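All letters in the sequence shown, in the order written, are residues 10 to 515 by the working numbering.
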Amino acid sequence: AVYEAVNNGEDFIFKDFNFSAERIDRIPRRELLGKSVLKIFPGVREFGLFDVFQRVWKSGIPERHPISSYKDDRIFGWRDNYVYKLPSGEVVALYEDITAAKQAEEELIQAKETAEAALLTKSRFLANMSHELRTPMNGVIGTAEILQYSQLDSSQQEMVKTIRVCGEHLLSIINDILDFSTSEAGAIQLVSVPLSLQKCLSQTLDMVGKNISGKPVHLSYAIDSAVSDMIQGDVTRLCQILINLIGNSIKFTEQGEVKIGLKLQPDTPSMLLFSVYDTGIGMSSTTQQNLFQPFSQGDSSRTRKYGGTGLGLAITKNLIELMDGSIWVDSEEGKGTTFYFTIPYKPVVSNERSPAKSSSSVEPQAEKPVEDSIPLEILVAEDDIANQYVMRIMLKKLGYEAQMVSTGIEVIKELERHTYDLIFMDMQMPEMNGVEATREIVRRWNVEQRPRIIALTANYTQSDMRECLDAGMDDYLSKPVSLENLHEKIRQWGIPRATMERQKNK
Numbered sequence: 010a011v012y013e014a015v016n017n018g019e020d021f022i023f024k025d026f027n028f029s030a031e032r033i034d035r036i037p038r039r040e041l042l043g044k045s046v047l048k049i050f051p052g053v054r055e056f057g058l059f060d061v062f063q064r065v066w067k068s069g070i071p072e073r074h075p076i077s078s079y080k081d082d083r084i085f086g087w088r089d090n091y092v093y094k095l096p097s098g099e100v101v102a103l104y105e106d107i108t109a110a111k112q113a114e115e116e117l118i119q120a121k122e123t124a125e126a127a128l129l130t131k132s133r134f135l136a137n138m139s140h141e142l143r144t145p146m147n148g149v150i151g152t153a154e155i156l157q158y159s160q161l162d163s164s165q166q167e168m169v170k171t172i173r174v175c176g177e178h179l180l181s182i183i184n185d186i187l188d189f190s191t192s193e194a195g196a197i198q199l200v201s202v203p204l205s206l207q208k209c210l211s212q213t214l215d216m217v218g219k220n221i222s223g224k225p226v227h228l229s230y231a232i233d234s235a236v237s238d239m240i241q242g243d244v245t246r247l248c249q250i251l252i253n254l255i256g257n258s259i260k261f262t263e264q265g266e267v268k269i270g271l272k273l274q275p276d277t278p279s280m281l282l283f284s285v286y287d288t289g290i291g292m293s294s295t296t297q298q299n300l301f302q303p304f305s306q307g308d309s310s311r312t313r314k315y316g317g318t319g320l321g322l323a324i325t326k327n328l329i330e331l332m333d334g335s336i337w338v339d340s341e342e343g344k345g346t347t348f349y350f351t352i353p354y355k356p357v358v359s360n361e362r363s364p365a366k367s368s369s370s371v372e373p374q375a376e377k378p379v380e381d382s383i384p385l386e387i388l389v390a391e392d393d394i395a396n397q398y399v400m401r402i403m404l405k406k407l408g409y410e411a412q413m414v415s416t417g418i419e420v421i422k423e424l425e426r427h428t429y430d431l432i433f434m435d436m437q438m439p440e441m442n443g444v445e446a447t448r449e450i451v452r453r454w455n456v457e458q459r460p461r462i463i464a465l466t467a468n469y470t471q472s473d474m475r476e477c478l479d480a481g482m483d484d485y486l487s488k489p490v491s492l493e494n495l496h497e498k499i500r501q502w503g504i505p506r507a508t509m510e511r512q513k514n515k
């Protein structure tokens, strides 16, 4: 469109208007020529384009008018404008209608926001469901563990073992669903700390070795001598990857061996190469194609026989890719499977190097925890009666008596009348929850006066754990609580606190 200034630039009239302009602005050329821009398109002033006309006409300097929407009583649309001054003194505007592109962009943004909101809602729902499921599971698994230390005959021991195995299987399904939801929402945050590869593998084999359940399966690992034992990484997520892969191999191997290997990737020594080999049932090429897809488990016969959510490998793949690694599989039906995955190799500077090692794991036998000789004043804040019972019996097994309360308000009242060394604090309680109670304790008592606070949480996400620590808690203990983990927290936090108090009083 070409314009001529009138009244010393107070207005412009149309001098020319081409076919594309007619189409975009939906007005015939004959109706515009010689007419005022402000009368035909009054919106150009609000739109800001008229000011551009005046500046370009006065200065002769071309301008691009930013992409904006034009609206009057006749048309609405997005325009991208370039305005120049011609040697004749006239002003020319070249503009493009980008309405369709902008509308598509806005629709995509809206769709993305809607999808993210739906995903967040789903994640919150699953987190709440996880809490509601894990709380009673704490009672089931905790009670079964306590019974294992009781005087039972072999038949009763077998029944208790069945209860615990089934409970732990159900818990693993709950964890899989929540882990997948967390990774799908992009909410997983990696924590890089020095970790021991040998310790990680050894502890992992100890944990998954329970799943062998008497099968003639030999479980072992080997670390190449060129690999430094201490590396920088997320130990929790690495162990989770190994547990998923090794547990998967054990599940599909009736006899033979499951062997874990670790070495530097031959062509890329900056990457660690893990392998998980088994002599199990293997899989077809069709099964391998869908292996890392959520809720996929090869075929329905596998699902019926072996169970599972089909989420473990999808979660594993997400975690490995989050670590800037990759995963792939080599398998043949009836001839076993090998999973390979890589993660960055970031050795921690050390003068020691671990030699190549291998070990085998057998099913661990339950041992009665050793009672600690230092008496402790322990307070348990838990509103669920069944979980109160489990905590009381577990602590008694460890040689401790504990005071039980059901709300955060009761915690504060107890601290006002009595000194405690350690509080196990449930996160979700009526009247005042665990986080609120902890903040009140931090506000009213200094660090030397107040007891050590361990969160008892059925919530499972990193953000939930961070909320505990940010509130002033010293640590957290995930439900279901095991006797071993409970004992470890007491030794880590309760006994040092009690020892410090005894020495101060002396």
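Note that the Cβ used here is the ideal one computed from N, Cα and C, for glycine as well. In this text the structure is predicted, and so the values were computed from the model without any measurement.
- For the 8 Å CB-CB criterion, L247 and L228 do not form a contact.
- The bridge partners DSSP lists for F21 are A14.
- For A411, the enclosing beta strand (DSSP E) has its first and last residue at 411-414.
- Judged by DSSP secondary structure, Q274 falls within the beta strand (DSSP E) whose first and last residues are 265-274.
- Look at Q63 here: in three-state DSSP terms it is helix.
- Counting other Cβ atoms within 10 Å of its Cβ, F134 stays below 16 and is therefore classed as exposed.
- Per the DSSP secondary-structure output, T466 pairs in a beta bridge with S487.
- Contact check for Y104 against R83 fails: the beta carbons are separated by 8 Å or more.
- With a beta-carbon spacing of about 10 Å, M403 and F433 fall beyond the 8 Å limit used to define contacts.
- Around the beta carbon of S237, a 10 Å sphere encloses 16 or more other beta carbons of the protein chains shown; the residue is thus reported as buried.
- Residue range 46-49 is occupied by the alpha helix (DSSP H) that includes K48.
- The Cβ atoms of S78 and G86 lie closer than 8 Å to each other.
- In this structure L281 is in contact with Y354, their Cβ atoms being roughly 5 Å apart against a cut-off of 8 Å.
- In the three-state reduction of the DSSP assignment, F261 falls in the coil class, being assigned neither a helical nor a strand state.
- Membership of L161 in any alpha helix (DSSP H) is not indicated, and neither H nor E is assigned to it by DSSP.
- Collapsing the DSSP output to three states places K224 in coil.
- Restricting attention to A446, Q512, D276, N494, the CA atom closest to the CA of M482 is found in A446.
- Bridge pairing for W337: Y349 [DSSP].
- In the structure shown, the three-state DSSP call for F28 is helix.
- Put simply, the backbone Cα of P356 is about 46 Å away from that of A395.
- In the structure shown, M509 adopts helical secondary structure according to DSSP, grouped into three states.
- Take the alpha-carbon of Q412 and the one of V389: they are about 6 Å apart.
- One alpha carbon belongs to I118, the other to S279, and they sit about 39 Å apart.
- By the criterion of a C-beta distance shorter than 7 Å, I383 is surrounded in its chain by I504, A507, T508, once the five residues flanking it on both sides are discounted.
- In this structure, DSSP gives V357 a state outside helix and strand, which the three-state scheme calls coil.
- In the three-state reduction of the DSSP assignment, S211 falls in the helix class.
- A contact between stretches requires three or more CB pairs, one per stretch, nearer than 8 Å, and the region 163-183 fails this requirement with the region 424-431.
- Distance between K24 and E115, taken at the CA atoms: about 35 Å.
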